[in-house]
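Take 1 as the starting number for the sequence shown in full-length UniProt numbering and just add one per residue. For every residue, glycine included, the Cβ atom is placed at its ideal position computed from N, Cα and C.
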Amino acid sequence: MRVEKGNVTLEIVQGDITKQPDMEAIVNAANAELMPGGGVAGAIHRAAGPELAEACRPLAPIRPGQAVITPGFRLPNRYVIHVLGPVYGRDVPSDRLLADAYRNALKVADAHKVRSVAFPAISTGVFGYPMEEAAQVALKTVLEEASRLQHVRHVRFVLFDERARDIHEKVLAHLEPTT
Ligand code: ADP
Numbered sequence: 001m002r003v004e005k006g007n008v009t010l011e012i013v014q015g016d017i018t019k020q021p022d023m024e025a026i027v028n029a030a031n032a033e034l035m036p037g038g039g040v041a042g043a044i045h046r047a048a049g050p051e052l053a054e055a056c057r058p059l060a061p062i063r064p065g066q067a068v069i070t071p072g073f074r075l076p077n078r079y080v081i082h083v084l085g086p087v088y089g090r091d092v093p094s095d096r097l098l099a100d101a102y103r104n105a106l107k108v109a110d111a112h113k114v115r116s117v118a119f120p121a122i123s124t125g126v127f128g129y130p131m132e133e134a135a136q137v138a139l140k141t142v143l144e145e146a147s148r149l150q151h152v153r154h155v156r157f158v159l160f161d162e163r164a165r166d167i168h169e170k171v172l173a174h175l176e177p178t179t
């Protein structure tokens with residue numbers, strides 16, 4: 001599914017965030033220490049190689065909602081943008097911190113003249129954010145931010161399973177009805 005918002009194409013696909021070779025940057029659902037760990041962070045560090053953890057070390061720790069950028073090393077992407085999402089119900093207000101994570105990732109991308117960015121569903125794994133609530137915040141934030149972006153022209157949400165993809169498509173159809 002894809003929609004056009006201003007100059008930005010917003011797309012929803014099912015897939016693996018480490019296998020998006022046409023995107024200039026991918027976003028990592030990082031931990032505060034920017035270390036490999038499980039889930040998205042584990043997959044990204046495995047694919048990027050050990051240079052990624054080395055590059056991250058001086059940038060850590062980061063706070064919920066914050067975003068930092070590194071090269072992609074052995075990934076097919078030029079950059080990895082690392083963001084820390086909120087732990088649902090512990091880092092509060094979780095909705096605002098999740099919106100900050102998406103907004104700050106887009107700002108960092110734009111500041112680096114990045115044209116295309118792929119996001120996973122931040123905070124919806126071990127951080128426990130319910131998928132539909134997270135999708136509302138994520139998609140609403142990207143749609144709001146789209147008109148302010150100078151360089152970013154393509155934003156892709158890469159959802160790991162069919163259920164997550166379906167939820168995002170339903171939420172986007174509701175936020176941005178097409179005729
Ligand atoms: P968080 O700690 O922010 O909750 P996780 O990495 O635990 O982050 O999970 C975030 C979401 O990403 C979950 O919905 C999970 O199913 C999904 N996910 C896990 N691995 C991948 C991957 N390789 N590509 C895309 N999404 C993934």
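Near ligand 1: residue i beta-carbon under 7 Å from a heavy atom
i, result
"PRO120", "yes"
"SER94", "no"
"SER123", "yes"
"PHE157", "no"
"THR18", "yes"
"GLY38", "yes"
"PHE160", "yes"
"ALA53", "no"
"VAL126", "yes"
"ALA67", "no"
"GLY85", "yes"
Own chain partners of residue i with C-beta closer than 6 Å, once the 5 adjacent residues on each side are dropped
i, result
"GLY125", "GLY39"
"GLU51", "PHE73"
"SER116", "MET23, GLU24 and HIS154"
"residue 197", "Outside the displayed range of the chain (1 to 179) lies residue 197, so it cannot be described from this structure."
Anticipated Cβ contact below 8 Å, residue i with residue j, distance rounded
i, j, result
"GLY65", "LEU97", "5 Å"
Proximity test, Cβ basis, 8 Å: residue i and chain B
i, result
"VAL13", "Considering every chain present, this structure includes no chain B. It has just one protein chain."
Alpha helix (DSSP H) runs contained entirely in the stretch 57-138, provided each spans 4 or more residues: 94-111
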